[in-house]
Amino acid sequence: MSAGAPPVPTDASFYDRPVLEVAPDLVGCVLRYRGVAGRIVETEAYHASEPACHAYVGLTPRTEVLHGPPGVFYVYRSYGVHALLNTVVEPDGVGAAVLVRALEPLSGLQAMRTRRGLDRVQDLCSGPGKLTQALGIGLDLNATSVGERIEILPRPTGAEEPRVVTAERIGITRAVELPWRFCDAGSRCVSRPLPPAMRRGARAAA
DNA sequence: TAAACGATGCCCT
DNA sequence: GGGCATCGTTTAC
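As structure tokens, then:
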């Protein structure tokens, strides 16, 4: 890409950057798979240098993709039940990824409701395991490239810019102090509520 | 071969 | 707001 141009998530070079740049940049982008789409409202950064990251312990068969080139999806099973969706970032071999934690449903709502067995929009994709279920994303999509089957599209032109706030990551027991969670403060679809001070100005309506 | 541990979600109070 | 189900992956013996 040319110098000075804003990075776009349809470009492979978008992911060949520091994870702390890519993770907030993904907030507001659109994730689409088989006609079902949602706006990314929450991400988390993981890096091999800190113990909460799967790459921290080194290369295992399960984390092979995580140690590979950027711009590839790393999908793994959590708690024996849920599929969690990550995008590998940083140069080949570093072992860093962005976890997509929550979406705001945009299209294909009926398919999402059917897969989730729920009606409420704010419950469809408000969690890393929920969104993969809602979109029908399974472990078979591990190691596929961005744009190959799952697409990540730039923030729609003219759309309101997301107000990205940082917070501590969710559901981990190590390196809990790192503020590597990135949320759109204006969205009701985040996986866990933000502190009131961060929601100021948001269109509330609980 | 066996045991422990989760980047969670759901149902209960 | 808190506790528990669930089972693949990892690590230990």
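Each residue of the first sequence is one higher than the one before, counting from 1122 in the numbering used here.
Built from N, CA and C at the ideal position, the CB exists for glycine as well.
Quick caveat, the model's predicted, so the values are computed rather than measured.
query                                                                                                                 : result
Contact check, valine 1193 vs valine 1143, beta carbons under 8 Å                                                     : no
Whole-angstrom distance between arginine 1237 and valine 1210, CA atom to CA atom                                     : 29 Å
Among Arg1241, Glu1272, Pro1300, the one whose alpha carbon lies nearest that of valine 1157                          : Glu1272
CA nearest to the CA of valine 1151, picked from Ser1228, Leu1274, Asp1240, Val1162                                   : Leu1274
Whether leucine 1239 touches valine 1221 by CB criterion (8 Å)                                                        : no
Own chain partners of alanine 1173 with C-beta closer than 6 Å, once the 5 adjacent residues on each side are dropped : Ile1293, Arg1295, Ala1296
Segments assigned beta strand (DSSP E), at least 3 residues, entirely inside the region 1197-1243                     : 1203-1210, 1217-1228
Separation of proline 1190 from glycine 1214, as counted between CA atoms                                             : 7 Å
Reference threonine 1265; option with closest CA among Arg1153, Pro1128, Arg1160, Val1196                             : Val1196
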